[in-house]
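Taking it in order: structure first as structure tokens, then the write-up.
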Amino acid sequence: MSAIDNGRDRAEGKINIAIQRLAEKYPFHASILEQFQVLSRPSVVTIGVMAAADGVLLLYSPEFVNDLPLDQLTGVLLHEVHHVLFRHILVDPKDYPDEWARTVAEELTVNEFVKEPLPEGVITLELFPHLPSMESTDQRYRRLKQESNRLPIGGPNAGTNSGQIGNMIDDHSVWLDGTLDAKDVDEIILEVIDSAVSAVGTDKVPPELRRSAGIGSGDDQFGIQGLCSGQLDWRAILRQRVGQVLHVRPTFGRPPRRFPDLVGIVPGRRRRPDCQKILAVIDTSGSITPHLLESINAELVRLARDYPVLIVECDAAIKAVYSYRPVKKVTGGGGTDFRPVFDPDFLRRHHPDLIVYFTDGYGTAPERPPRPPVIWCITPHGQAPTDWGRVIQMENGKT
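Residue numbers (this note's numbering): 118 to 516.
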């Protein structure tokens, strides 16, 4: 293993430990962080977040992460989550042309909600005693535009310097590296937030962040832009869910051979196979209308571009199993029983990495989940058939 690989693995392991430490005290933040794709990027000298087609990326410099005390790393990770929650990563600089005011406003807002240690000399409200607390980034931007005494913003690791107003923690330039428009980025953020809320419950979302998380009424209180008014379409949510489940990640339970004593710290190299199979099950009992079947087929076309997709037609029994081809009509019409698809012998025969089940949910399901992850795509007016698996309501994209 090269020194570069060694440093990267240690940094990624350290980030994993920091997230684990946050999980008890900040379960909502930790659940958001667990959805980020953690990637080393040479052009990033500290850390930063950006949105890409398959989710939010946490980009980092191994040197920065490895040199940072663990307690400060937890604070920095909270800082990054707040940039996502408050929609800073989707801001168009043309809408906020005063870069100094915009950057200071963003840093003040995210750091106001970080109670864990941060690197020395960061930008906090203590440096601006005339600014009210608990204001939105947009309100602070308007106030800071009027500032005449503008000390420069220090770079990372600058320490305390009387000639600077404070230091940047992270790299905001990566926000502009993506090719997605603001609506797409906001949809990705909504999906990440929704998954976190579903995982930990609304009671675990800090009260001061609930509006930004879409819980409660009113616009985003602290962000620079508010929430989108519409729900994310179920098809986009399905793509996000599939990408999250099948995204290849390091295995922290299996250490690399050169670090057998670092289980849970340094990630191992065992990964899931590159060609991961999706079992797409269509309930043929009559719950899938021709219109829905057309929409399902369009999504299966997309999935089949990236993964092997095996179609299963099932009502009370399995009627057909075949490699993906355009689905124009299905065979069936009896009652609904989900158990044949989840039969261990059937699953061993086909070895799926993910099961996507399109159904109204009315039927008999096994009490215990199968080993592969399951996504239930529930038709309008349907209901989840079990308390396990991820659920997507096909009516309007709710999850």
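Glycine included, every Cβ here is placed at the ideal spot set by N, Cα and C.
Asked: Spatial neighbours of P144 in its chain, beta-carbon cut-off 7 Å, leaving aside the 5 residues before and after; Found: V317, K321
Asked: Test item: CB-CB of V291 and L195 under 8 Å; Found: no
Asked: Rounded separation between V182 and G283 - CA only; Found: 20 Å
Asked: V317: first and last residue of the uninterrupted alpha helix (DSSP H) it sits in; Found: 299–317
Asked: Counterpart residues of D454 in DSSP-defined beta bridges; Found: T481
Asked: Host alpha helix (DSSP H) of S148 (start-end); Found: 144–152
Asked: Terminal residues of the alpha helix (DSSP H) in which Q256 lies; Found: 254–261
Asked: L261 versus E216, V173, D400, residue with shortest Cα-Cα distance; Found: E216
Asked: Pair within 8 Å by beta-carbon distance, T254 and T220; Found: no
Asked: Residue from I472, L293, E229 with nearest C-alpha to L427; Found: I472
Asked: Residue environment, P497, which counts as buried when at least 16 other CB atoms sit within 10 Å; Found: exposed
Asked: Alpha-carbon to alpha-carbon, Q137 and A147; Found: 7 Å
Asked: Beta-carbon separation (whole angstroms), F459 vs P502, contact threshold 8 Å; Found: Contact flag wrong, Cβ pair sits at about 11 Å.
Asked: 8 Å Cβ cutoff met for L139 and F153; Found: no
Asked: Span of the beta strand (DSSP E) around V398; Found: 395–400
Asked: Endpoints, alpha helix (DSSP H) assigned at T191; Found: 187–202
Asked: Distance CB(Q256)-CB(L268) smaller than 8 Å; Found: no
Asked: From V438, Q393, R125, R442, residue whose alpha carbon lies closest to that of E416; Found: R442
Asked: D122 to D184 span [Cα, whole Å]; Found: 16 Å
Asked: Alpha-carbon spacing of V398 relative to D462, whole angstroms; Found: 16 Å
Asked: Contacts around Y474, its chain only, beta-carbon distance under 6 Å, and the 5 residues preceding and following it disregarded; Found: V398, W493
Asked: For T476 and R507, the rounded distance between their alpha carbons; Found: 13 Å
Asked: Per DSSP, cross-strand counterpart(s) of T476; Found: I495
Asked: Continuous alpha helix (DSSP H) stretch holding R465: start and end; Found: 461–467
Asked: P489 versus P246 - alpha carbon distance; Found: 54 Å
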